[in-house]
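Protein chains in written order, with my numbering: chain U, 851 to 1171; chain V, -8 to 619. From the three backbone atoms N, C-alpha and C, an ideal C-beta is built for every residue, glycine too. Everything numeric in this text was worked out from a predicted model, so none of it was measured. The structure appears right after this line, and notes come after that.
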Amino acid sequence: MTRFILQRIGFGLLVLFLLSVFVFVLFYVSPSDPARIIAGDKATEALMAQIRANLGLDQPVLVQYFHFLGSLLRGDLGYSYRSSLPVADLVLQRIPVTMSLVSGAVVLWLAIGIPIGIASAKHPGSVRDRLGQGFAIVGISFPTFVLGMVVLYLLYFLPSKAGVNLFPPSGYVPLLEDPLQWAWHLLLPWTTLALVVAAVYARLTRGQMLEVLGQDYIRTARAKGLSERRITYVHAFRSAMPPLVTQLGIDIGLMLGGVIIIEQVFGLLGVGSLAVSSVAMQDRPVIIAIVLLGGVFVVVANLIVDTAYGMLDSRVRTAKK
Amino acid sequence: MTILDVRNLVVDIPSGDGTIHAVRDVSFQVREGEFFGVVGESGSGKSVMVQSIMGLVPRARISGSVKFRDRELLGISPAELRGVRGRHISMIFQDPLSSLHPQYTVGWQIVEQIRAHEPVSHAAAKARAIELLKKVQIPDAASRFDAYPHQFSGGMRQRVMIAMALSLGPGLIIADEPTTALDSTVQAQILDLLGEMRKEFGATVLMISHDLGVLSRVADRVMVMYGGQMMEVGASQEVLGAPAHPYTAGLLRSSSFNREPGTPLISIGGRPPSLLSPPAGCVFRERCPDAMDICGTAPPMRLYSNGIEAACWLEHEPSEPAAPTVPSDVRTVESGPESHIVQTENLKLAFSQRRGPERVVLDGITLDVRRGETLGLVGESGCGKTTLARAIAGLIEPTSGTVHFDGSPVSGLSRAGWREMRRRVQVVFQDPFGSLNPKRRVGSIIGDPFRIHGIASGAERRARVGELMELVGLSPEHYNRFPSQFSGGQRQRIGIARALALNPELVILDEPVSALDVSIQAQVLNLLDELQRTLGLTYLFISHDLAVVRHVCDRIAVMENGRIIELGDSDDIYQNPSQPFTKRLLAAASPGTAGGRPLRQHGSVFPVGPLVARPEEPVRDSGMKVTR
């Protein structure tokens, strides 16, 4: 097991390294010029050369890359082109926002998606199943920003026009400052994100449960005289779980790297919105840091998923001994 | 005392193609303490019948009456039914691996069953579970309590299922093909265990099987089902010895368990009726050699002179159809070294494993196959028989040793030589459902060899495929059908036709009939025999079923753990097995020698009038409908 984890960590580091090379090369070949963006349209050629020299952009790309890699290994991500602040600080202050957004949404989407999926699978073809399937289709095909707008319109705009301030339209209050306000401010983004993702989980759960419910050991469980509830949750859902855990790990990993649209719609200053503004400004050190951060999250999430998979499946678990 | 009283049970299952009339008006009684067998081919409705008694068939529409110890089970609330399941009636299923939950330990699963019905502590339930595991002879039961199903062998898993079924001391144990997925020696052990447990726990056993040999070993009374209806019921030695119903007689003629080797198996022509629209009148009429005009009316259940009850209009014993005439040109098996079509010399095959020692699959096999003979290769699953066949066919490269085919080595063949070898050696596979591509038409499947070897094309190929289809008894008009439109036996014929396309010399038959029903098995075995006579083929016949092997093979090689432990003429091996393993195999396969009871020999069986009403079971619907 240890060997397996070490292998995965090594592989993860390789992925991160390749990711950094890729992003670097991408910026090198792209036609836009950070100096022009920093200095503005009317800057002189001399000023721009000065800026390039300051940022080290006049050196060959290989030198630039090794310079970057050297400081990265010392734990230094460099300075933002735009604000000249340390990249690490910029990114770190955004992480709690994104984490808050994702963690709340995860709970919600599991709480919505899995029961819908199970209810659908228990009675395939029933009215409940069709409603559940309809929810899934709508959720999957609705663009996130449209749903965000609709949620804002219904739960913020309409009530406040009527004089009732149900929810704040945007903003973020740190959890440690005021937990209630934290949750209050995040409720709308959570709901929006959860509705979109829950649809995927409802479908996945339904498919898995349908397959498991047709297995011989479910018939055995019935023949043993167990209650339907116990058969559904202890026997069937137990076997349907591994693919859900896999999907969950990947989704969380991806989203911690920035939930771009939701953060934009609700004005949350998370990693996603930082990514958007940095791309617009060609702020290469910040973008690389965000890409690497996303990479780290995905790699770690996958590692956790693989380990969890082993623990969820007796066959994998006992084979490892 | 009647423990289970089923009356006029009807089970309809709605499906995409229409309603499946799986069980049609079946009535029977199981007596307290007896071993009651239900026999029937696949699609006869036997499994659906017992599962519907327990309410385990989803979306089934059930009518009639099922009384367990005078308590009606149909129509009671789900909660009440749950109280019966597992506690009063428990079930054992066919495949113990898929029937046990893979993610929980066996101990956990037994404890769950106990605690679902009795308010006992976990520790007490665990002690009881370990006790049960000991009872079913699982070695080292206390430590195996925490093992998962996949860590047990097939036989041990079925023991776990039996322990679970016994855990609450149920009155009735329903076993649905409990030994079908197991090797024959293990099968015998499980049957013995079931018998012992029945005595020890005083339970009644209702066992379903398609295997007449198995039921003749253990059952006190047997019920025969066909097309969703009951054909015959009575004491097992009577039903399986002197049946009153032509269907039972036909089943017995087509199964090899009680036949002298060499006597041709006589199959029942045709195929079972569709349960979507079962015929009116007697369901067996269309395949019945004794069919009469009156059979258009559903026959009544009548009592016969030997105590059997059967649904048939026949006034005399079922007639014995003439055995298929054996062509006079008795096939000759040449002897002498030059006649050897295949010779293997000290053949070894081993897989290296990442951890642990090498796994030896074939361990020094020296074997010759004589031209024109049928050589049986017998052994339990995992003994290496299929691997040996694949090595002989040149599909696997052995680790050491040589295979000679017709005098020349199989390994190191040129590409052209390999192709030629493929033409001369053909394989027929076990599963006729899985080994044919469902998206391709039968004509093109059978025509593949012509296409691949560039032998015939266009109209010529079509004509030759037509001939082949005729040869194996398929209608050439079905050229454009898909495999799913054929029954199991017909699909195996397709596989045989494909194998014969290039006039091979050696045909490797890898369990060719084990996926087929008894009456169909006989058809295929007879076809193979006929083809061998007319085409001069050599067969390498792989099987785990000794009754079948004995029936068709000239010589038998018994394999155990990658070695051939015994090789000789079929009769010699049967009469004087020298190896203990062979003796075990034989004992497991033949009912006469291992605790089975002698079957009644044929005597005259005649109806003694309509079924007399017994005091506890008045005949219902007096007058119009005599089918109980």
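Could you tell me how far apart the beta carbons of residue 502(V) and residue 421(V) are, in whole angstroms, since I believe they sit closer than 8 Å?
Position 511 of the second sequence, counting from 1, holds the residue named residue 502(V). Position 430 of the second sequence, counting from 1, holds the residue named residue 421(V). Contact flag correct, Cβ pair sits at about 4 Å.
Residue 58(V) and residue -4(V) look like a contact to me (Cβ under 8 Å); what is the Cβ gap, rounded to whole Å?
Along the second sequence, read from residue 1 onward, the residue named residue 58(V) stands at position 67. Along the second sequence, read from residue 1 onward, the residue named residue -4(V) stands at position 5. Indeed, because the Cβ distance is near 4 Å, the residues count as touching under 8 Å.
Find the residues of chain U that neighbour residue 86(V), judging by a C-beta separation of less than 7 Å, and give them in chain order.
In the second sequence, residue 86(V) corresponds to position 95, counting from 1. Within chain U, the residues near residue 86(V) are 1066.
According to DSSP, residues forming a beta bridge with residue 500(V)
Position 509 of the second sequence, counting from 1, holds the residue named residue 500(V). For residue 500(V), which the question treats as bridged, DSSP gives the partners 419(V) and 532(V).
Does any CB atom of chain V fall closer than 8 Å to the CB of residue 1165(U)?
Locating residue 1165(U) in the first sequence gives position 315, where the first residue counts as 1. Closer than 8 Å to some Cβ of chain V, the Cβ of residue 1165(U) qualifies, so yes.
Would residue 517(V) be called buried (16 or more neighbouring beta carbons within 10 Å of its own) or exposed?
Counting from 1 along the second sequence, the entry for residue 517(V) is found at position 526. It is buried - the Cβ of residue 517(V) has at least 16 other Cβ atoms within 10 Å.
DSSP beta-bridge partners for residue 395(V)?
Here residue 395(V) corresponds to residue number 404 of the second sequence, with the count starting at 1. The partner list for residue 395(V) (beta bridge, DSSP) reads 334(V) and 400(V).
When you compare only the Cα positions, how much space is there between residue 853(U) and residue 1157(U)?
Against the first sequence, residue 853(U) aligns to sequence position 3. Against the first sequence, residue 1157(U) aligns to sequence position 307. Near 12 Å, if we compare the C-alpha coordinates of residue 1157(U) and residue 853(U).
From 159(V), 129(V) and 445(V), pick the residue whose C-alpha is nearest to that of residue 194(V); which is it?
To locate residue 194(V), count along the second sequence from 1; it is residue 203. The candidate whose alpha carbon is nearest that of residue 194(V) is 159(V).
Once you ignore the five residues that flank residue 1083(U) on each side, which residues in its own chain have a CB closer than 6 Å to its CB?
Locating residue 1083(U) in the first sequence gives position 233, where the first residue counts as 1. None.
Which two residues bound the contiguous beta strand (DSSP E) that contains residue 355(V)?
Here the question's residue 355(V) lines up with position 364 in the second sequence. Unbroken beta strand (DSSP E) run through residue 355(V): 350 to 361.
Quick one: grab the DSSP three-state call for residue 1096(U).
Within the first sequence, residue 1096(U) is the residue found at index 246, counting from 1. Three-state DSSP puts residue 1096(U) in a helix.
Locate the alpha helix (DSSP H) running through residue 92(V), then write down its first and last residues.
Indexing the second sequence from 1 puts residue 92(V) at position 101. Residue 92(V) -> no alpha helix (DSSP H), and no H or E assigned at all.
Given that a residue counts as buried once 16 or more other Cβ atoms are within 10 Å of its Cβ, and exposed if not, what is residue 86(V)?
Against the second sequence, residue 86(V) aligns to sequence position 95. That one is buried.
Given residue 81(V), which residues of its chain have a CB within under 6 Å of its CB, disregarding the five upstream and five downstream residues?
One-based indexing of the second sequence puts residue 81(V) at position 90. Only 156, 161 and 164 meet the Cβ criterion.
In chain order, what are the residue ranges of uninterrupted alpha helix (DSSP H) at least 4 long that sit wholly in the region 1080 to 1157 of chain U?
1088 to 1106, 1110 to 1115 and 1121 to 1130
How many Å lie between residue 116(V) and residue 109(V) at the Cα?
The residue given as residue 116(V) occupies position 125 in the second sequence. The residue given as residue 109(V) occupies position 118 in the second sequence. In a straight line, the C-alpha of residue 116(V) is about 9 Å away from that of residue 109(V).
What residues in its chain sit with their C-beta under 7 Å from that of residue 334(V), if we drop five residues either side in the sequence?
Along the second sequence, read from residue 1 onward, the residue named residue 334(V) stands at position 343. Same-chain partners within the cutoff: 359 and 395.
Between the CA atoms of residue 968(U) and residue 233(V) - distance to the nearest angstrom
Start at 1 with the first residue of the second sequence, and residue 233(V) comes out as number 242. Start at 1 with the first residue of the first sequence, and residue 968(U) comes out as number 118. Computed Cα separation, rounded: 54 Å.
Spatial neighbours of residue 510(V) in its chain, beta-carbon cut-off 7 Å, leaving aside the 5 residues before and after
Residue numbering aside, residue 510(V) sits at position 519 when the second sequence is read from its first letter. Once the five neighbours on either side are set aside, the close Cβ partners of residue 510(V) are 32, 241, 242, 245, 258 and 259.
Pairwise C-alpha distance: residue 90(V) and residue 75(V):
Locating residue 75(V) in the second sequence gives position 84, where the first residue counts as 1. Locating residue 90(V) in the second sequence gives position 99, where the first residue counts as 1. Taking the straight line joining both Cα atoms gives about 20 Å.
Are the CB atoms of residue 1043(U) and residue 951(U) within a distance shorter than 8 Å?
Here residue 951(U) is taken as the residue at index 101 of the first sequence, counted from 1. Here residue 1043(U) is taken as the residue at index 193 of the first sequence, counted from 1. In contact: residue 951(U) and residue 1043(U) (Cβ atoms closer than 8 Å).
8 Å is my cut-off, CB to CB: does residue 856(U) come that close to chain V?
Walking along the first sequence from the start, residue 856(U) turns up at place 6. Answer no: the Cβ-Cβ gap between residue 856(U) and chain V never drops below 8 Å.
Show which residues of chain V have a CB atom less than 9 Å away from the CB atom of residue 1088(U).
Start at 1 with the first residue of the first sequence, and residue 1088(U) comes out as number 238. In chain order: 92, 94 and 95.
Give the straight-line distance between the Cα atoms of residue 10(V) and residue 53(V), rounded to the nearest whole angstrom.
As a working mapping, residue 10(V) is identified with position 19 in the second sequence. As a working mapping, residue 53(V) is identified with position 62 in the second sequence. Taking the straight line from one Cα to the other gives about 13 Å.
With DSSP as the reference, please indicate the residues paired to residue 195(V) in a beta bridge.
For the purposes of this step, residue 195(V) is taken as residue 204 along the second sequence, with counting starting at 1. Answer by DSSP bridge pairing, in chain order: 163(V).
Applying a beta-carbon distance threshold of less than 8 Å, which residues of chain U neighbour residue 51(V)?
Taking the second sequence and counting its residues from 1, the one referred to as residue 51(V) is at position 60. Result: empty, since nearest Cβ-Cβ is about 13 Å, beyond 8 Å.
Measuring alpha carbon to alpha carbon, tell me which residue in 13(V), 8(V) and 520(V) is nearest residue 266(V).
Position 275 of the second sequence holds residue 266(V). When only C-alpha atoms are compared, the closest one is 13(V).
Are the region 1010 to 1027 of chain U and the region 935 to 942 of chain U in contact at 8 Å, needing three or more beta carbon pairs?
no
Do the CB positions of residue 172(V) and residue 196(V) come within less than 8 Å of each other?
The residue you call residue 172(V) lines up with position 181 of the second sequence. The residue you call residue 196(V) lines up with position 205 of the second sequence. Cβ distance not < 8 Å, so residue 172(V) and residue 196(V) don't count as in contact.
What residues in its chain sit with their C-beta under 6 Å from that of residue 236(V), if we drop five residues either side in the sequence?
By one-based count along the second sequence, residue 236(V) stands at place 245. If we look at residue 236(V) and ignore the five residues flanking it on each side, its Cβ neighbours are 222, 223, 301 and 303.
Cutoff 6 Å; reference residue 927(U); Cβ partners in own chain excluding five residues on either side
On the first sequence, residue 927(U) is found 77 positions in, with the first residue counted as 1. Once the five neighbours on either side are set aside, the close Cβ partners of residue 927(U) are 937, 938 and 1139.
Cut-off 6 Å between Cβ atoms - residues of its own chain near residue 1153(U), not counting five sequence neighbours on either side
As a first step, residue 1153(U) must be located in the first sequence, where it is residue number 303. If we look at residue 1153(U) and ignore the five residues flanking it on each side, its Cβ neighbours are 858.
Within 10 angstroms of its Cβ, does residue 369(V) collect 16 or more other Cβ (buried), or is it exposed?
Here the question's residue 369(V) lines up with position 378 in the second sequence. Buried is the call here.
Min CB distance residue 919(U) to chain V below 8 Å:
Locating residue 919(U) in the first sequence gives position 69, where the first residue counts as 1. Answer no: the Cβ-Cβ gap between residue 919(U) and chain V never drops below 8 Å.
Name the residues in the region 1070 to 1089 of chain U whose C-beta lies less than 9 Å from a C-beta of chain V; which are they?
1070, 1071, 1072, 1073, 1074, 1075, 1076, 1077, 1078, 1080, 1084, 1085, 1088 and 1089
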